[in-house]
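Only one structure is covered here, and it is reproduced in the block below.
In our numbering, the protein residues as written are 5 to 407.
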């Protein structure tokens, strides 16, 4: 049995250092089991921060990821507004979850994604060409990383290039946490309305097209495996997950290298460390830093603590990725460490479907960026670079650089 009966810390906890998890996580990891925390609405949840405990929760289907199940923890009113919308399959439980996920599995297999590498490389080099021609300074978030990830995922779905900016802005609004709930809800509504029109038009000649949406129309909607509305919701998920998270990871990766020049020197001297460096970036920053929320659908014992049916649970992947029992000196950015057992993409049936694409994009960026821009450095004092404190997805507000 664990958890202090006299006081419950409030979740989420503020960070003492912008890009390192709150110090409380380390304290919690010294406890024999989970810690009971209080959410904004006064309800309690069990917080797991240790690596093996987080994996145990995420690998157990007795914990539901459906936010409509009674007892599911609430992060903020704004987040509730998003979760109250029609659910994407990532927020469903078996067997519905598997039914929809299987429709996309082949599209994001490593072999299929590897075929995209030349195109991703070409897009990124073109964007760097444009940046170099324009000259310093630049904001790498707006000028390089969001354009890259937007163009890649929009290309898969064949979304017009002229609309990429629209999706970037709506995606940014949708992941805000400390705002009026109407703001993220309206952003989601605008994206869904756009995609509804796009898919309706696409269905007229889908058999003559090769993009992902057209394939899903032909292979899943027309045979009756997927409704039009379900495809609209699935497309929104792909657009959101396909650029917002990866672009933020790229920015934080650059930040880590520029603030750890010894690691940048290692990468330059040993290009074979690239894949390992990407895994360390994923571990170190854990972009979706408040995941993963669950609720027990029956009594379950984890780490010596009985979690009762209907009790909320937070299996904190950012805590797990900074657990010293799984990663030595976890708050140190070290591209030589073996980090590929991290849970940055979650764990179990809900682990990120698009992780092969994210890895390829990150590998392309960090194989190219410092080679083509060897004198890259911050354009402002370090303390002026701010993190996204009020976002569900961790990142930088901007990354001003010069060269």
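For glycine and all other residues, C-beta sits at the position ideal for the given N, C-alpha and C.
In this text the structure is predicted, and so the values were computed from the model without any measurement.
Rounded to the nearest whole angstrom, the C-alpha separation of residue 48 and residue 235 is 35 Å.
For residue 339, same chain residues with a beta-carbon under 7 Å away, outside a window of 5 residues either side, are 267, 270, 271, 277, 280, 281, 284 in chain order. Per DSSP, reduced to three states, the secondary structure at residue 309 is strand.
Contact annotation: the region 96-103 does not touch the region 378-398, with fewer than three C-beta pairs closer than 8 Å. When DSSP states are grouped into helix, strand and coil, residue 318 belongs to the strand group. In the DSSP assignment, the residues bridged to residue 50 are 40, 317. When 350, 354, 251 are compared, the shortest CA-CA separation from residue 287 is found for 350.
Cα atoms of residue 184 and residue 41: separation of roughly 24 Å, rounded to the nearest angstrom.
Each residue's CA atom was taken as its position, placing residue 76 and residue 132 some 44 Å apart. By the Cβ criterion, the region 316-335 is in contact with the region 51-62, since at least three pairs of Cβ atoms, one from each stretch, lie closer than 8 Å.
Of 56, 335, 165, 374, the smallest CA-CA separation from residue 308 is found for 56. By the C-beta criterion, the region 362-376 is judged not to be in contact with the region 301-318, since fewer than 3 inter-stretch pairs fall below 8 Å. Look at the region 311-391 and you find these whole runs of alpha helix (DSSP H), each 4 residues long or longer: 321-324, 359-376. With a beta-carbon spacing of about 6 Å, residue 216 and residue 111 fall inside the 8 Å limit used to define contacts. Here residue 292 really is in contact with residue 249; their C-beta atoms are around 7 Å apart, less than 8 Å. Residue 327 holds the alpha-carbon nearest to the alpha-carbon of residue 34 among 327, 313, 21, 116. Residue 79 carries a coil assignment under DSSP once its states are collapsed to helix, strand and coil. DSSP, read as helix, strand or coil, puts residue 92 in coil.
Here residue 105 carries a helix assignment [DSSP, helix/strand/coil]. Under a 10 Å Cβ-count criterion, residue 38 is classified as buried, with 16 or more other Cβ atoms of the shown protein chains found around its own Cβ. Listed in chain order, the non-local C-beta contacts of residue 379 below 6 Å within the same chain comprise 407, local neighbours out to five positions each way being set aside. Counting only unbroken stretches of 4 or more residues, the alpha helix (DSSP H) elements lying wholly within the region 139-167 are 150-161, in sequence order. Residue 191 and residue 336 have their C-alpha atoms roughly 37 Å apart. Here residue 168 is buried, its C-beta having at least 16 other C-beta atoms within 10 Å. Judged by DSSP secondary structure, residue 299 falls within the beta strand (DSSP E) whose first and last residues are 297-300. A contact between stretches requires three or more CB pairs, one per stretch, nearer than 8 Å, and the region 171-187 meets this requirement with the region 77-94.
Taking 8 Å as the cut-off, the Cβ atoms of residue 148 and residue 135 count as close. Between residue 404 and residue 143, the alpha-carbon positions lie close to 4 Å from each other. Inter-segment contact for the region 298-305 and the region 57-77 is present: three or more beta-carbon pairs are separated by less than 8 Å.
Taking a 10 Å sphere around the C-beta of residue 315, we find 16 or more other C-beta atoms and assign the residue as buried. Every alpha helix (DSSP H) of 4 residues or more that sits fully in the region 263-299 is shown, in chain order, as 265-273, 278-289. Here the region 114-123 makes contact with the region 342-361; the two share three or more CB pairs at distances below 8 Å. In the DSSP assignment, residue 405 falls within the beta strand (DSSP E) that extends over 404-406. According to DSSP, residue pairing for residue 14 in a beta bridge involves 42.
Residue state for residue 56 is assigned as helix, using DSSP reduced to three classes.
Closest by C-alpha distance to residue 245, out of 30, 397, 87, is 397.
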